[in-house]
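Structure first, then comments.
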């Protein structure tokens, strides 16, 4: 039952991606209510999946890599639905949907394995894990805003204005959204990191080191932005690179966590 | 009852002829006397057209004469400049006009507003009846559909509008932005006006001839700055429009480096309209500097033209659908089901309800 919900959610996001691709090919690219609704429906189905899984587990459903990826995709969709509407960045959906599909398609992989040993309920652990993943969602959206910034900036620099140029927001708007998402993610991630020390279980040093490395990486980007060390384009590039690094480290954390 | 369109436009007549037959407030009255039951006069800088319904056939010369505003030569000499379209062809013509497909700049949207105003005037003066009401409402609907379903209005088509679009993507809101015009020329002045229309209020003009700078600054409600200080001005401004007659580059990377250091991350948009160019192309390599020369701007405008041209087929297909649908309705009305004695108050009510 829960896997079916996940499959339907993936179909919804995939529909948003297909619609976007068709628009690109037809060179008629405009803000689409269809994309927004498809993402919203996918989000509802994802929420249902997490709810069903959570009830079955009796805890927050982030006990294996599939659940972590689904929870991350859910966070991204949630933040998109809030940020995309608030900052009139609805085009962000066109960029967000493929990212979510990639994560949801993880149900195709054999990673939905139940934990070998049951874990006693631990509210600090659940808070730590869930808040950290939501922070990842914000970083993912900062990455999306960064990618949009780079696309728009490249068009302006090379004078090659595609159809999407007229639909992408101005550079300052994208930069502002990117900065706010970075701050939002950084604050949540800091809270997640601090709460990790209250879990009451011994944590592997590699996990702590990787988590702190990600924190330092994003802290450095924000520092660079406020001290004026880096041009907006560089910050946009770093948002994309940092998320790729953070995502691979997230996998490492999970991997290391299971091994240790 | 037949309805028809009679008029001339930028393709069929030069401005000297169009201004002679520009139409006037009495034109519809004259046509009513000639036997038209409904009359609408559409006048813009590119066209003068009469849309009318009449039982009898009214001669072209009489209609042309009703549009004449001077006492010059008779309309007979100019009849070949006029076109006349009847019934379905008339509907097609109005739908195309309202959608901007018949405009000089294909896809321009101003014409829809002008058509709506012409209809409102006809209604207010009691010259529009149920037939024109249906025709116009259908035309407005077709125009909206063409605008929303195709990219016919997409992209800037003049150097000035390209500059404005680019500036808005670079800076977002243009209010409070500072512009310096270096040199003077028609294109740079037009570009500056286009930027001013979007809220740019700090306009600075610099010219080798101070009097020319003063004159232009006065004309544009800006300030004149000495030519010797233009490079210093670049520390403050957001947009530089350059169009001097200099034979070598005025702005080169070595000159710009110290300026960019002082600007922090503020972007600088440079529009180089001069030929030969005033700004070295390498300047575009700097972070936050966006350099466009006249060729790049024209290329973007021409791409927009091309895109609009490509959208013509899709737009014409929408128009075809509306014409066919309108013809179907007209068939019903000819068989007697159309309320020909429709109460004008009801028409006004419908008009208010529809989006003017």
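Residue numbers (this note's numbering), protein chains in the order written: chain P, 26 to 285; chain E, 263 to 618. Where is the CB? At the ideal position from N, CA and C, for every residue including glycine.
So, are the CB atoms of residue i and residue j less than 8 angstroms apart?
i	j	result
residue 569 (chain E)	residue 416 (chain E)	yes
residue 368 (chain E)	residue 362 (chain E)	yes
residue 431 (chain E)	residue 175 (chain P)	no
residue 390 (chain E)	residue 502 (chain E)	no
residue 172 (chain P)	residue 217 (chain P)	no
residue 323 (chain E)	residue 337 (chain E)	yes
residue 259 (chain E)	residue 539 (chain E)	A query on residue 259 (chain E) cannot be resolved here, the shown segment of chain E reaching from 263 to 618 and no further.
residue 397 (chain E)	residue 353 (chain E)	yes
residue 287 (chain E)	residue 310 (chain E)	no
residue 167 (chain P)	residue 124 (chain P)	no
residue 404 (chain E)	residue 360 (chain E)	yes
residue 506 (chain E)	residue 536 (chain E)	yes
residue 468 (chain E)	residue 441 (chain E)	no
residue 119 (chain P)	residue 45 (chain P)	yes
residue 532 (chain E)	residue 411 (chain E)	no
residue 237 (chain P)	residue 249 (chain P)	no
residue 418 (chain E)	residue 577 (chain E)	no
residue 474 (chain E)	residue 446 (chain E)	yes
residue 350 (chain E)	residue 585 (chain E)	yes
Distance cutoff 8 angstroms, beta carbons only. Does residue i sit that close to anything in chain E?
i	result
residue 248 (chain P)	no
residue 174 (chain P)	no
residue 177 (chain P)	yes
residue 171 (chain P)	no
residue 86 (chain P)	no
residue 147 (chain P)	no
residue 195 (chain P)	yes
residue 67 (chain P)	no
residue 210 (chain P)	no
residue 89 (chain P)	no
Can you name the residues of chain E whose CB is closer than 8 angstroms to the CB of residue i?
i	result
residue 256 (chain P)	527, 549 and 550
Spatial neighbours of residue i within its chain, please: C-beta separation below 6 angstroms, excluding the five flanking residues on both sides.
i	result
residue 263 (chain P)	246
residue 292 (chain E)	328
residue 190 (chain P)	180
residue 496 (chain E)	521
residue 98 (chain P)	125, 128 and 129
residue 86 (chain P)	75, 78, 79 and 92
residue 313 (chain E)	267 and 302
residue 449 (chain E)	421 and 535
residue 620 (chain E)	What the structure shows of chain E is the stretch from 263 to 618, and residue 620 (chain E) is not part of that stretch, so it cannot be assessed.
Assign residue i to one of two classes, buried (16 or more other C-beta atoms within 10 Å of its C-beta) or exposed (fewer than that).
i	result
residue 128 (chain P)	buried
residue 83 (chain P)	exposed
residue 277 (chain E)	exposed
residue 295 (chain E)	exposed
residue 308 (chain E)	buried
residue 297 (chain E)	exposed
residue 134 (chain P)	exposed
residue 254 (chain P)	exposed
residue 290 (chain E)	buried
residue 601 (chain E)	At residue 601 (chain E) the pLDDT is 42, less than 50, meaning the model places this residue with poor confidence and gives no usable figure here.
residue 321 (chain E)	exposed
residue 81 (chain P)	exposed
residue 7 (chain P)	As shown, chain P starts at 26 and ends at 285. That puts residue 7 (chain P) outside it, with no answer to give.
residue 178 (chain P)	buried
residue 629 (chain E)	Outside the displayed span of chain E (263 to 618) sits residue 629 (chain E), for which this structure offers no information.
Between residue i and the rest of its own chain, which residues show a CB-CB distance below 7 angstroms, the 5 nearest in sequence each way excluded?
i	result
residue 270 (chain P)	242
residue 15 (chain P)	Nothing can be reported for residue 15 (chain P): it is not among the residues displayed for chain P, which extend from 26 to 285.
residue 220 (chain P)	149, 152, 153 and 156
residue 42 (chain P)	122, 123 and 126
residue 334 (chain E)	282
Applying a beta-carbon distance threshold of less than 7 angstroms, which residues of chain P neighbour residue i?
i	result
residue 499 (chain E)	Ordered by position in chain P, no residue passes the 7 angstroms Cβ test against residue 499 (chain E), which lies about 17 angstroms from the chain.
residue 416 (chain E)	191
residue 430 (chain E)	195
residue 271 (chain E)	Ordered by position in chain P, no residue passes the 7 angstroms Cβ test against residue 271 (chain E), which lies about 29 angstroms from the chain.
Which residues of chain P have a Cβ atom closer than 9 angstroms to the Cβ of residue i, listed in chain order?
i	result
residue 562 (chain E)	184 and 186
Within 8 angstroms (strictly less), CB to CB, does residue i reach chain P?
i	result
residue 554 (chain E)	yes
residue 489 (chain E)	no
residue 434 (chain E)	yes
residue 558 (chain E)	yes
Ignore the nearest five residues each way along the sequence and tell me which others in residue i's own chain have a CB closer than 8 angstroms to its CB.
i	result
residue 493 (chain E)	513, 517 and 521
residue 387 (chain E)	290
In chain P, which residues lie with their C-beta within 8 angstroms of the C-beta of residue i?
i	result
residue 546 (chain E)	182
Residues of chain E with CB closer than 9 angstroms to the CB of residue i, please, in chain order.
i	result
residue 253 (chain P)	526 and 527
Flag residue i as yes if its beta-carbon sits less than 8 angstroms from any beta-carbon of chain A, otherwise no.
i	result
residue 340 (chain E)	Looking at the structure shown, chain A is missing, and the protein chains on hand are P and E.
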